[in-house]
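First the structure, in the form of structure tokens, and then the observations on it.
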Amino acid sequence: MTYKLTGMESKVAVITGAGRMRSIGRSIALELAKAGCDIVVTGSGRSAEHYPDDEKQAGWRDIDSVADEVRTLGRRALAIVSDISDLDSVKSLANKVMAELGRVDFVINNAGAARSGDRAPVVDLSPAAWHKVIDVNLTGTFYMSQVFGQQLIEQGQGGSIINISSIGGKLMAPTTAAYAASKAGIHALTCAMSGEVGPHGIRVNAICPGIVMTSRLDDTSQEQWKQIINAHVPLKRAGAPEEIGAMVVYLCSDQGAWITGQLYSVDGGQLAGR
Numbered sequence: 004m005t006y007k008l009t010g011m012e013s014k015v016a017v018i019t020g021a022g023r024m025r026s027i028g029r030s031i032a033l034e035l036a037k038a039g040c041d042i043v044v045t046g047s048g049r050s051a052e053h054y055p056d057d058e059k060q061a062g063w064r065d066i067d068s069v070a071d072e073v074r075t076l077g078r079r080a081l082a083i084v085s086d087i088s089d090l091d092s093v094k095s096l097a098n099k100v101m102a103e104l105g106r107v108d109f110v111i112n113n114a115g116a117a118r119s120g121d122r123a124p125v126v127d128l129s130p131a132a133w134h135k136v137i138d139v140n141l142t143g144t145f146y147m148s149q150v151f152g153q154q155l156i157e158q159g160q161g162g163s164i165i166n167i168s169s170i171g172g173k174l175m176a177p178t179t180a181a182y183a184a185s186k187a188g189i190h191a192l193t194c195a196m197s198g199e200v201g202p203h204g205i206r207v208n209a210i211c212p213g214i215v216m217t218s219r220l221d222d223t224s225q226e227q228w229k230q231i232i233n234a235h236v237p238l239k240r241a242g243a244p245e246e247i248g249a250m251v252v253y254l255c256s257d258q259g260a261w262i263t264g265q266l267y268s269v270d271g272g273q274l275a276g277r
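According to my numbering, the sequence shown is numbered sequentially starting from 4.
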């Protein structure tokens with residue numbers, strides 16, 4: 004007899020920031036589709052000229068490629084360009100989801116600002132770099148949680164909001180002030196909201212990935228990452244995006260129905276005890 008997670012068949016899941024080929028968002032979308040969900044994938048509409056070489060060689064089409072993969076798994080899929088840092092854009096996203104699919108059950112706030120000029124000491128950090136990270140990572144998560152949270156309450160059938168944060172919001176390392184503040188803010192948002200919407204049967208949790216094998220690692224050599232992992236990760240390897248996706252599936256399932264207000268480090272033991 005096999006063990007199977009339940010409660011996701013024909014449910015609708017919205018995943019932001021799910022267009023990159025080597026990404027956590029794509030894996031979340033595919034794992035939820037395998038579990039029986041219909042999927043909405045969003046992205047910022049990045050230009051193909053900015054795709055990594057492997058995406059260009061594969062003929063990758065961002066969120067449209069992910070939506071096609073979901074359909075191959077036998078589930079419905081919508082691909083919608085949306086700027087989560089803009090409230091009107093988030094409201095438009097919600098309206099499109101309801102018009103096309105009629106409901107929403109799971110909201111996965113995965114979109115995040117890419118590394119740019121924000122990795123600097125506070126005294127050198129430009130206000131523009133600060134605001135870019137905060138606007139996408141924290142304010143965008145707030146807008147998504149507010150707009151879709153209202154929809155979940157209106158539906159009256161519970162649901163789950165999962166915020167993809169980072170162990171960076173717990174480490175709070177030097178030169179990461181903007182990123183760490185945005186992720187620590189997500190932790191506060193997660194815990195506060197869980198108490199507010201719990202009476203409606205809505206769960207709110209955060210997953211804090213450590214070092215995961217995505218395109219975000221391309222700015223540092225594999226040898227350097229190997230040294231970092233060997234020094235700081237007890238399990239001596241980076242995580243796979245699918246492992247974050249599996250955690251999302253569990254938190255959306257019936258088997259995760261008594262879990263809310265939690266901040267889960269999924270990091271190979273890097274932050275053991277925190």
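Just so it is clear, CB atoms sit at the ideal spot from N, CA and C, and this is done for glycine as well.
What are the boundary residues of the alpha helix (DSSP H) that residue i is part of?
i	result
arginine 106	Element bounds for arginine 106: n/a, residue is neither H nor E.
serine 129	Premise fails: serine 129 is in no alpha helix (DSSP H) and is neither H nor E.
alanine 70	66-75
State the CB to CB distance for the pair residue i and residue j, rounded to an integer number of angstroms; the pair is presumed to be in contact (CB under 8 Å).
i	j	result
alanine 38	valine 252	5 Å
alanine 241	tryptophan 228	7 Å
isoleucine 170	serine 268	6 Å
alanine 180	valine 125	5 Å
methionine 24	alanine 61	7 Å
lysine 94	valine 15	About 17 Å separates the two Cβ atoms, so there is no contact after all.
Let me make sure I understand the geometry here. Which of the options has the alpha-carbon closest to that of residue i?
i	options	result
methionine 11	Thr178, Leu254, Ile232 and Tyr146	Leu254
aspartate 57	Gly272, Thr217, Ile262 and Glu245	Thr217
phenylalanine 2	Lys239, Gln158 and Ala51	Here the chain has residues from 4 to 277 only, and residue 2 is not among them.
valine 44	Asp89, Gln265, Leu8 and Ala97	Ala97
aspartate 65	Gly20, Gly105 and Gly152	Gly20
alanine 114	Ser224, Asp270, Arg79 and Thr144	Thr144
threonine 142	Asp257, Asp86, Lys59 and Trp63	Asp86
cysteine 194	Trp63, Cys40, Thr263 and Ala70	Thr263
alanine 70	Ala36, Gln258, Lys94 and Gly201	Ala36
serine 92	Gly48, Thr9 and Asp257	Gly48
leucine 274	Glu246, Ser256 and His235	His235
Taking only heavy atoms of the ligand FAD into account, decide whether any of them is closer than 7 Å to the Cβ of residue i.
i	result
isoleucine 205	No copy of the ligand FAD occurs in the structure displayed, which carries no ligand at all.
Let's see if you can read the secondary structure: which residues bound the beta strand (DSSP E) around residue i?
i	result
leucine 81	80-84
serine 2	As shown, the chain starts at 4 and ends at 277. That puts residue 2 outside it, with no answer to give.
Which residue spans inside the segment 219-268 form an unbroken alpha helix (DSSP H) run of at least 4? Listed in chain order, they are 225-235 and 244-255.
Check whether the segment 196-213 touches the segment 146-164, taking contact to mean three or more Cβ pairs, one atom from each stretch, closer than 8 Å. Under the 8 Å Cβ criterion, the segment 196-213 counts as touching the segment 146-164, having at least three qualifying pairs.
What are the complete alpha helix (DSSP H) segments, minimum 4 residues, inside the segment 21-60? As far as the segment 21-60 is concerned, its whole alpha helix (DSSP H) runs of at least 4 residues are 27-37.
For the segment 172-221, which segments carrying the beta strand (DSSP E) assignment without a break, of at least 3 residues, lie completely within its bounds, in sequence order? Entirely contained in the segment 172-221, the beta strand (DSSP E) runs reaching 3 residues are, in chain order, 205-212.
Under 8 Å: do the segment 181-188 and the segment 134-151 share three or more Cβ pairs, one atom per stretch? Note that the segment 181-188 touches the segment 134-151; at least 3 beta-carbon pairs, one per stretch, sit closer than 8 Å.
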